[in-house]
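Residue numbering for the sequence shown follows the working numbering, beginning at 2 and increasing consecutively. Think of the CB as a built atom: it goes at the ideal place given N, C-alpha and C, for glycine as much as any other residue. All values reported here derive from a predicted model rather than from experimental measurement. Single-structure report; data block below.
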Amino acid sequence: MNMKKNPRIVLGAVCLSAICMGCGSDAQSTAFHDEMERFYEGLTDSVNTLETIDPSSENAEDQILGELDEMSELFERLSNIEVPPKMADRVGNVDELADDAAAYMKEASRLYHNAWHNAEYDGQAVQAAQENYTRAMELVNYIAILLQGRVPEGDNITVIPEEENAN
Numbered sequence: 002m003n004m005k006k007n008p009r010i011v012l013g014a015v016c017l018s019a020i021c022m023g024c025g026s027d028a029q030s031t032a033f034h035d036e037m038e039r040f041y042e043g044l045t046d047s048v049n050t051l052e053t054i055d056p057s058s059e060n061a062e063d064q065i066l067g068e069l070d071e072m073s074e075l076f077e078r079l080s081n082i083e084v085p086p087k088m089a090d091r092v093g094n095v096d097e098l099a100d101d102a103a104a105y106m107k108e109a110s111r112l113y114h115n116a117w118h119n120a121e122y123d124g125q126a127v128q129a130a131q132e133n134y135t136r137a138m139e140l141v142n143y144i145a146i147l148l149q150g151r152v153p154e155g156d157n158i159t160v161i162p163e164e165e166n167a168n
């Protein structure tokens, strides 16, 4: 499996301390900040672990699948983090993005398991797994951007202003 290092994840983790500066210091905001920090630290650790796995080692498959399972659990915890109400307007649809990211990572893990546990290598399942993994990671990057108070940009991104969304 070829996992590219993702400096945006590290950037997200580094910028996390500034993410909630405008949130105030109430208990909900503090809990949110702490949970997001744990998520990004865990994600950075998981990506680093995947990067260090020697694909030619005897137990590479088990290591990779185990780490993907851990990432799936990590993303599931992300989807359960509640955005404080006073931040909700400022950070857009972070809740929905987190739910979608968790679903994509869960599917990526499931597909990788299927691809490697069949009698024959399943290239289509691996391709689908890689696509799901990539989507999950993109959504996490969008979440980090939104939490920094910026608007994600790109060819595949449509921003709907709040006024239009209310109709």
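Within its chain, find whatever has a CB closer than 7 Å to the CB of residue i; leave out the 5 residues flanking it on each side and keep chain order.
i, result
"residue 54", "61, 64, 65"
"residue 139", "none"
"residue 136", "105"
"residue 112", "126, 129, 130, 133"
"residue 50", "68"
"residue 1", "Any answer about residue 1 is impossible in this case: the structure gives the chain only from 2 up to 168."
"residue 43", "75"
Can you list, in chain order, the residues of its chain with a C-beta nearer than 6 Å to that of residue i? Leave out the 5 residues immediately preceding and following it.
i, result
"residue 23", "Note that residue 23 scores a pLDDT of 47, beneath 50, so its modelled location is shaky and nothing firm can be said."
"residue 46", "none"
"residue 147", "92, 93, 95"
"residue 116", "123, 126, 127"
"residue 101", "140"
What's the call for residue i, buried or exposed, on a 16-neighbour Cβ count within 10 Å?
i, result
"residue 122", "exposed"
"residue 86", "exposed"
"residue 119", "exposed"
"residue 81", "exposed"
"residue 57", "exposed"
"residue 48", "buried"
Assuming residue i contacts residue j under a Cβ cut-off of 8 Å, what Cβ separation, rounded to an integer in Å, is found between them?
i, j, result
"residue 79", "residue 103", "6 Å"
Output needed for residue i: all residues of its chain with C-beta closer than 8 Å, excluding positions within five of it in sequence on either side, in chain order.
i, result
"residue 84", "33, 92, 95, 96"
"residue 160", "152, 153"
"residue 158", "143"
query = Are the stretch 92-104 and the stretch 52-64 touching by the rule of at least three beta carbon pairs closer than 8 Å?
reply = Touching, no.
inquiry  = For the pair the stretch 104-119 and the stretch 148-165, tell me if three or more CB-CB distances fall below 8 Å.
reply    = no
request  = Indicate whether the contact test is met: 3 or more Cβ pairs, each with one atom in the stretch 79-95 and one in the stretch 139-151, closer than 8 Å.
outcome  = yes
Uninterrupted alpha helix (DSSP H) stretches inside the stretch 36-62 (no shorter than 4 residues) = Residue ranges of uninterrupted alpha helix (DSSP H) with 4 or more members are absent from the stretch 36-62; none lies entirely inside it.
inquiry  = Which runs of the alpha helix (DSSP H) at least 4 residues long sit entirely within the stretch 99-130? Give them in chain order.
reply    = none
task = Taking only runs that begin and end inside the stretch 64-104, name each unbroken alpha helix (DSSP H) of 4 or more residues, in chain order.
result = 86-92
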